[in-house]
Amino acid sequence: MNSKLIAPSILAADFANLQKDIEIVNASEADWFHIDIMDGMFVPNISFGMPVLKAITKHTKKYVDTHLMIVDPDRYIKTFADLGTNNLTVHYEACTHLHRTIQAIKSEEMQAGVALNPHTNVNVLEDTINDIDLVCVMSVNPGFGGQSFIENTYNKVRQLKELILKKGASTKIEIDGGVTNKNAKQLITQGADVLVAGSFVFQSENPIKTISELRKLIN
Ligand code: DX5
Ligand code: ZN
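Each residue of the sequence shown is one higher than the last, beginning at 95 in the working numbering.
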C-alpha cells in the first residue's frame, strides 16, 4: 500500500453516469474512494443518500471513505457499516458525545474518522486523538465541491501532526477541499497522509492521468 493516499471525491463526478466515473477511479492509481453525505441541515446542501451509496459500493474496488456532513450521525452508524463503508468520518461539530460515537463506529468494524471545520482548533481532539484513526481537516467550509483552499490549513496540519506525535497516536491526517497539484506537495510535507480531490480530478480532461500525476507529486 502507498504511504500517502489519494481519495477522489464522488461529489464532483457525473451523477448521470456514475458507473463510468467509478470505473475510472477503479482503474486509476487512487487508493480510496471519498463519499460525501450531506443532509441539508449540518451543511446548506443535500448530496445523496443510502440507495446511491449502495449502488456506488457495489461497483467500487477501492477502500470506501464515507464523510458524513449530517447532524446526529449516531443514528446511521450501523446503516453505513452495512452499506460497505470502511472508514466512517463524523464531524466534531455534530457530535455531543464524540467519544461514544467513535466507539460505536469501531464496534461496527469500521475505522473511525473525525472531521474538523475550518474554525475548529485541532486541540479539541487532545483527549480523543489516540482513539481516532483519521482526522479530516476541512480546507474549505463543508457543503460544496469546487471551493478555494483555505491557506490556514497548512498551520492546522502542522499543529495536528505535532499533537499526534506528542500523544504517540497513529492517526492519519486527511485534507478535504480545494486540493490541487498546487498545494498537494506542501500538505504532505506538513504531515498530511490522505488527499481528497474532487473537482481537480473529475473536471480534468483525463482523470486517470491527473491521479497518476498527483501520485508522482506526493510519493
Ligand atoms: C466538501 C466535501 C469535499 C468535496 C471536495 O464539503 O467534503 O469532499 O467533495 O471537493 P473539491 O476537491 O472540489 O474541493
Ligand atoms: Zn468530503
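Glycine residues also receive a C-beta, built at the ideal position from the N, C-alpha and C atoms.
Please read all numbers here as calculations on a predicted model, not as lab measurements.
| Check | Outcome |
| --- | --- |
| According to DSSP, simplified to helix, strand and coil, what is Glu-268? | strand |
| Let me have the residue list for the ligand ZN: C-beta closer than 6 Å to any non-hydrogen atom, ordered along the chain. | Ser-103, His-128, Asp-130, His-161, Asp-270, Val-290 |
| Are three or more beta carbon pairs between the stretch 305–312 and the stretch 252–268 nearer than 8 Å? | no |
| Could you name the residues of the same chain whose beta carbon sits closer than 6 Å to that of Asp-115, not counting the 5 residues immediately before and after it, in chain order? | Ala-107, Asp-108 |
| Any heavy atom of the ligand DX5 closer than 7 Å to the Cβ of Val-288? | no |
| Mind reading off the beta-carbon distance from Ala-209 to Cys-189? Whole number of angstroms is fine, and I expect it under 8 Å. | At roughly 10 Å, the Cβ-Cβ gap does not stay under 8 Å, so Ala-209 and Cys-189 are not in contact. |
| State buried or exposed for Asn-96, treating a residue as buried only when at least 16 other CB atoms are found within 10 Å of its CB. | exposed |
| Helix or strand or just coil, what does DSSP make of His-161? | strand |
| Just verifying my parser: in three-state terms, what is the DSSP assignment at Asp-130? | strand |
| Just how far apart, CA to CA, sit Arg-194 and Lys-200? | 10 Å |
| Taking C-beta to C-beta, are Asn-235 and Asn-217 nearer than 8 Å? | no |
| Note down the Cα distance separating Glu-203 from Ile-150, rounded to an integer number of angstroms. | 20 Å |
| Based on the DSSP output, what are the partners of Asn-181 in its beta bridges? | Asp-159, Gln-205 |
| Hey, would you say Leu-192 sits closer than 8 Å to Leu-162, going by beta carbons? | no |
| Any heavy atom of the ligand DX5 within a distance shorter than 7 Å of the CB on Leu-105? | yes |
| Using DSSP's beta-bridge definition, name the partner residues of Pro-301. | None, per the DSSP bridge assignment. |
| Check whether the Cβ of Phe-294 lies closer than 7 Å to any heavy atom of the ligand DX5, and answer yes or no. | yes |
| Since Met-232 sits in a beta bridge, which residues does DSSP pair it with? | Asp-270 |
| Confirm the yes/no value for this check: CB of Pro-236, any heavy atom of the ligand DX5, distance under 7 Å. | yes |
| Would His-128 and Pro-102 be called neighbours here (beta carbons separated by less than 8 Å)? | yes |
| Applying the 10 Å Cβ sphere with the 16-neighbour rule, what's the burial state of Ser-264? | exposed |
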